[in-house]
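Each residue of the sequence shown is one higher than the last, beginning at 63 in this note's numbering.
Cβ atoms here follow ideal geometry from the backbone N, Cα and C, with glycine treated the same way.
Model, not experiment: these values are computed from the prediction.
Taking it in order: structure first as structure tokens, then the write-up.
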Amino acid sequence: MSYQIITRITITSDPRVMVRMAANNIRPLDFRYDEVVSLTETLRTKGRPTLELELLSLFFKGLWQGRTRYDRAVGYTLLTDGIDKYEAWERCRGDKEYERGLLLRMRGFLHYRPVPCRCHLEYQRSTVRRIYVGYISFSRQRRRIFPSLIDAQAALIAKGWNPENFRIVEEDTQNLKSQKQ
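Shown next, in the form of structure tokens:
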């Protein structure tokens, strides 16, 4: 399935919605910073709250992906509500009222900042370097560092893994040179 990789979303003063994105199925990735006309029209006609709901919907449905506050808000909502992403997505397809309520709960997490606590994941005593939808990559030297415990749990849920199968280990803040953020 094709999706857009998003690295930045900016609302300019004129107001326009500018997005830096690339298609995931073209290599090398060609990131472009352009205006998204449909989102600009939504911003101008319906306002910023409706635009935020539209952006959350794009990230929730998986059409847009990337480490942005919208992606984190989706992950935090699924984690705190204990919702399975695919079941929620199926229910949203048939029940628009449920979808609107879910998006409004997600919007509440847009400006949420969890307590910072650098940590990494371990799976069956092996250090996790990367998490994918179907598999995990391990490394003894490098590991993925998360800024907080809830970010680590949200990343697992976003990729379809059960957080109970992983161990979250707090980082020793002394020696972090070679670690990947």
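>> Applying the 10 Å Cβ sphere with the 16-neighbour rule, what's the burial state of Ser240?
In response: Only weak support exists for where Ser240 lies, its pLDDT of 48 falling under 50; the value from the coordinates is given anyway. Exposed, since its Cβ has fewer than 16 Cβ neighbours within 10 Å.
> Any idea if Gln243 is buried or exposed, counting beta-carbon neighbours within 10 angstroms, 16 or more meaning buried?
Replying inline: Confidence at Gln243 is low in this model, with a pLDDT of 49, below 50, so its placement is unreliable and no value can be given for it.
> If Ile68 sits next to Thr130, beta carbons under 8 Å apart, how far is it from one beta carbon to the other, in whole angstroms?
Replying inline: For Ile68 against Thr130, the beta-carbon gap comes to about 6 Å, under 8 Å, which counts as contact.
> Does DSSP put Ile71 in a helix, a strand or coil?
Replying inline: Note: Ile71 maps to strand in three-state DSSP.
> What did DSSP end up calling Leu172 once you bin it into helix, strand or coil?
Replying inline: Secondary structure at Leu172: coil, using DSSP grouped into helix, strand and coil.
> Which first and last residues belong to the alpha helix (DSSP H) in which Cys154 is found?
Replying inline: Note, Cys154: alpha helix (DSSP H), 147-156.
> How should Gly137 be labelled, buried or exposed, when 16 other C-beta atoms within 10 angstroms of its C-beta is the threshold for buried?
Replying inline: Result: buried.
> Quick one: Cα of Tyr160 to Cα of Asp146, how far?
Replying inline: In a straight line, the C-alpha of Tyr160 is about 14 Å away from that of Asp146.
> Which class does Ser119 belong to by DSSP, given the choice of helix, strand or coil?
Replying inline: Looking at Ser119 - three-state DSSP - the assignment turns out to be helix.
>> I need the straight-line Cα distance from Cys181 to Arg192, nearest angstrom please.
In response: If you take the alpha carbons of Cys181 and Arg192, they lie about 14 Å apart.
> If we call anything under 8 Å between Cβ atoms a contact, is Glu103 one with Met80?
Replying inline: In this structure, the beta-carbon distance from Glu103 to Met80 does not fall below 8 Å.
> Between which two residues does the beta strand (DSSP E) carrying Thr130 extend?
Replying inline: Thr130: not part of any beta strand (DSSP E); DSSP gives it neither H nor E.
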